[in-house]
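Under my numbering, the sequence shown is numbered contiguously, ending at residue 134.
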Amino acid sequence: MSRPRMFRVIAVWPAPAPESQYEKTDRARVVALARKWAQAGATATVEQSIGSWQWRHVRTYRPPTATLQDESEPAPVAPPEPAEAVLDDERDMYERLMRQAPTSRDSRGRRPCRHVVNRRGIR
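This is the structure:
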């Protein structure tokens with residue numbers, strides 16, 4: 012029996028509050044809590060378990076920004092994010108993948124056998 016897919020949300024609050032964490036198999040409940048914490052002022056990160064105590068980043072929810080008092084004044088334009096910062100999550104995912112031990116797999120990505128004795132698989 013495989014382990015059910017787990018999701019977790021980690022919220023980082025402003026200085027005086029500690030980090031909060033919540034883990035559940037219900038993705039909708041985790042995302043709703045992340046949005047609630049983001050509205051309350053925290054930066055909430057939703058992650059999905061990929062096994063072996065490793066987590067894949069799904070989405071980050073940030074607190075709402077303060078509105079400008081004078082609407083005639085245009086909002087400041089932030090410089091575009093460098094391409095390197097965007098690819099960090101993908102690089103982390105590939106680094107974790109490369110750290111895993113290689114296993115033999117068939118064309119569908121499944122393991123053909125769990126244990127091998129005398130060049131024959133025991134299923």
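Just so it is clear, CB atoms sit at the ideal spot from N, CA and C, and this is done for glycine as well.
From a predicted model like this one, the values you see are computed outputs, not experimental measurements.
### Rounded separation between residue 65 and residue 87 - CA only
When only Cα atoms are considered, residue 65 and residue 87 end up about 38 Å apart.
### Buried or exposed (CB count within 10 angstroms, at least 16 for buried), residue 105
Here residue 105 is exposed, its C-beta having fewer than 16 other C-beta atoms within 10 Å.
### Query
DSSP on residue 97, reduced to helix/strand/coil?
Legend: pLDDT at residue 97 = 49, less than 50; position of this residue unreliable, value from coordinates given subsequently. Helix, per DSSP.
### Query
Taking the alpha-carbon positions, what's the residue 55 to residue 72 distance?
Approximately 5 Å between the Cα atoms of the pair.
#### Entry: Cβ-heavy atom distance, residue 49 to the ligand NAD, below 7 Å
Among the ligands in the structure shown, none appear at all, so the ligand NAD cannot be discussed.
### Query
What residues in its chain sit with their C-beta under 6 Å from that of residue 20, if we drop five residues either side in the sequence?
Around residue 20: 33, 41, 44, 45, 55, 57.
### Query
Going along the chain, which residues of its own chain have a beta-carbon closer than 6 Å to the beta-carbon of residue 30, five neighbours each way excluded?
In its chain, beyond the 5 residues on either side, 23 have a beta carbon closer than 6 Å to the beta carbon of residue 30.
### Query
Taking Cβ to Cβ, would you say residue 67 is nearer than 8 Å to residue 36?
Not closer than 8 Å, so no.
### Query
Can you tell me whether residue 26 is buried or exposed, with buried defined as 16 or more other CB within 10 angstroms of its CB?
So residue 26 counts as exposed.
### Message
From the DSSP secondary-structure annotation, give me the bridge partner or partners of residue 63.
### Response
Residue 63 is not bridged to any residue.
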